[in-house]
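Residue numbers (the UniProt record's numbering): 1 to 274. Ideal Cβ positions, reconstructed from N, Cα and C, are used throughout, including at glycine. Single-structure report; data block below.
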Amino acid sequence: MGSCNGFLCLFRHNGKIDAFIFNISNPITGESVPLPVNKEIGRPAHFGFGFSPISDVYKVVVFTSNEVNEHRFHKRKLNVMVLTVGSGIWRRIGKVSNVMLGTRQGVFHNGFLHWVCHYRKGCHHFFIRAFDVESEGFKDLPMPPYYFRPDFMPQMRVLGGSLSVSDGRTFWVMKEYGVKRSWTKELEIGHDTIYPNDLYGSYIPYVSVLKFTEGKVLLLAKTKLCLYTPETRTLVRVEIDGMPSGGFHFVADHIPSFVSPKEIIKDYLSKVPS
């Protein structure tokens, strides 16, 4: 779901109580702590995990709906639920309507969580909706000066300390946060490189840049880690000892930390009966 300051926020569905269970973990220390259950969260559609350096708190944001009809999943209003980690209380702060949030996982950067969106009716003009973790307000940011196909939702992440947006072939970086003219095209990968049948057996519908390093680019291509060399336009698989051969379905940036997740929810834990 999200990574911030060494912590991971994850969720799963618990069939016994018919609710989604959220927890915060530190993969370095192996510790994990549950967050309060909220049965109002019928189905998390979009979500995010971020930190406010102003008030020194972590927050979980969930856009949710109780709509179960898959064909209407993108046609209804979404409730915005916020949990200030350590408070023990989920709050409904409003609704989002007339906008389709495309990317499910919010990207945390510069005190904001970000999602690529477009308006539901009559226009596939993409833009970035940003949630201020401190004030809990929204603002919109511009996309790069580039045509993104309406049938493919652009992907977003943080690269080199800046927001990055891509369609899997062309990768843009916002050098100055919030400034449209600062969007810079960092990389373009040719069609013949992205779709090498001899390497994957079929086309790759999703390519994500993970890191630029020493003239090479670490990519997640479909579910495989690859190293791309722009100078020679070559793509090779990266094998890691001890990692599953089936590939990766989710990759998150992570800064190692030895801080216990109990530290950020200690006020809540002190109120829970043992």
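Non-local C-beta neighbours of Asn-14 in its own chain, meaning closer than 6 angstroms and more than five positions away in sequence, comprise Ile-21, ordered along the chain. Burial of Arg-129 is indicated by the presence of at least 16 other C-beta atoms within 10 angstroms of its C-beta.
In this structure, the beta-carbon distance from Glu-136 to Ile-54 does not fall below 9 angstroms. Under the DSSP assignment, Phe-171 falls in the beta strand (DSSP E) whose first and last residues are 170-174. If you ignore the 5 residues before and after Pro-34, its C-beta comes within less than 8 angstroms of the C-beta of Ile-21, Phe-22, Asn-23, all in its own chain and listed in chain order.
Here the alpha carbons of Ile-28 and Lys-224 stand approximately 23 angstroms from one another. The distance from the Cβ of Ser-166 to that of Pro-154 is about 7 angstroms, consistent with a contact at the 8 angstroms cut-off. For Val-207, the uninterrupted beta strand (DSSP E) segment begins and ends at 207-213.
Taking a contact as a CB-CB distance under 8 angstroms, the pair Pro-230 and Val-209 does not count as one, their CB atoms being some 11 angstroms apart. In this structure, DSSP gives Ser-257 a state outside helix and strand, which the three-state scheme calls coil. Nearest Cα to Thr-84 within the set Ala-19, Pro-36, Ala-45, Ile-255: Pro-36.
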